[in-house]
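Residue numbers (my numbering), protein chains in the order written: chain A, 67 to 177; chain B, 67 to 177.
All residues carry an ideal CB built from backbone N, CA and C; glycine is no exception.
What follows is a set of notes on a single structure, which appears directly below.
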DNA sequence: TACATTAACTTGCAATATGCAAGTTATGCG
DNA sequence: CGCATAACTTGCATATTGCAAGTTAATGTA
């Protein structure tokens, strides 16, 4: 998505967030995950190339910051920006709707 | 998406809603649109085959109901179910985030 | 010194989804 | 009879996703 489809704020949001993986990575970040392997370990089983792509997109959209957490070799972790934190209400609304319509015991208290 | 990727409610929601078009169709329904040509007329320019597919998915997920609004020839319109109405908080959260981070004059008071 | 391991990616290719343009169907209207 | 309308459907090109394997730069271990 290299252009804005319209000036509707929902559309603008979906231009960035509208796929099956992006918001799951944001969910993991909200839950405190920061490193590649932590994202990979989530139960949905994201493919490595897709994760790398989504992290790049999220960084390009200023939703996460990539920063080195060690040298030799340099390795990076990801943290939410304020813009990224601002997505919590979206996640909360999805949790509420999902819990109502896909009943299960699972709860995500942190979001 | 023919299977559940996990039992996370966010994931379950995104299994249905996670693409660039589905929630825009829901938005149009919330705004009062009901007919094929009305959805086609939205400014994002959805392709006809994609719209037909999304309406089928939404019906299969019990988010919309398809019903005839005339005979000879029989023509159909779409309306939100209660489950579909339940998506308003998700749309509202996307509006808030979108308006904050993609500034413009556009407002969607109805949602 | 050599070898296995770790962590964060990247690559190649097959499978799936999307986008575009045109076509189909049933009917009313002039 | 021919054109218009509305709700789709079809064929095909392009783009995205998914899978498996590979790469890189170190560190710990035999």
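Closer than 8 Å is the cut-off here; do at least three beta carbon pairs connect the stretch 91-110 of chain A with the stretch 141-158 of chain A? Using a Cβ-Cβ distance cut-off of 8 Å, the stretch 91-110 of chain A and the stretch 141-158 of chain A are in contact, since at least three pairs of beta carbons, one from each stretch, lie closer than that value.
If the criterion is Cβ atoms closer than 7 Å, does the pair residue 161 of chain A and residue 155 of chain B meet it? Your numbering for residue 161 of chain A matches position 95 in the first chain. Your numbering for residue 155 of chain B matches position 89 in the second chain. No, these two residues do not count as a Cβ contact at 7 Å.
According to the neighbour-count rule (16 or more other Cβ atoms, all chains shown, within 10 Å of its Cβ), is residue 121 of chain A buried or exposed? The sequence position of residue 121 of chain A within the first chain is 55, counting from 1. The residue is buried, with at least 16 neighbouring Cβ atoms inside 10 Å.
Contact defined as beta carbons within less than 8 Å: I believe residue 79 of chain A pairs with residue 87 of chain B. What is the distance between those atoms, to the nearest angstrom? Counting from one through the first chain, the residue named residue 79 of chain A turns up at place 13. Counting from one through the second chain, the residue named residue 87 of chain B turns up at place 21. The beta carbons of residue 79 of chain A and residue 87 of chain B sit about 13 Å from each other, so the pair does not count as a contact at 8 Å.
With a Cβ-Cβ cutoff of 7 Å, do residue 84 of chain B and residue 85 of chain A count as a contact? To locate residue 84 of chain B, count along the second chain from 1; it is residue 18. To locate residue 85 of chain A, count along the first chain from 1; it is residue 19. In this structure, the beta-carbon distance from residue 84 of chain B to residue 85 of chain A falls below 7 Å.
Going by the beta-carbon positions, is the gap between residue 119 of chain B and residue 108 of chain B smaller than 7 Å? On the second chain, residue 119 of chain B is found 53 positions in, with the first residue counted as 1. On the second chain, residue 108 of chain B is found 42 positions in, with the first residue counted as 1. With contacts defined by Cβ atoms closer than 7 Å, residue 119 of chain B and residue 108 of chain B do not form a contacting pair.
Please give me, in chain order, every unbroken run of the alpha helix (DSSP H) with length at least 4 that falls completely inside the stretch 82-146 of chain A. Restricting attention to alpha helix (DSSP H) runs no shorter than 4 residues, the stretch 82-146 of chain A encloses them at 88-96, 102-106 and 114-126, ordered along the chain.
Could you check if residue 77 of chain A is buried or exposed, using at least 16 other CB atoms within 10 Å of its CB as the buried criterion? Numbered from 1 along the first chain, position 11 holds the residue referred to as residue 77 of chain A. Classification for residue 77 of chain A: buried.
Which of the three DSSP states, helix, strand or coil, is assigned to residue 77 of chain A? Position 11 of the first chain, counting from 1, holds the residue named residue 77 of chain A. DSSP places residue 77 of chain A in helix when its eight states are reduced to three.
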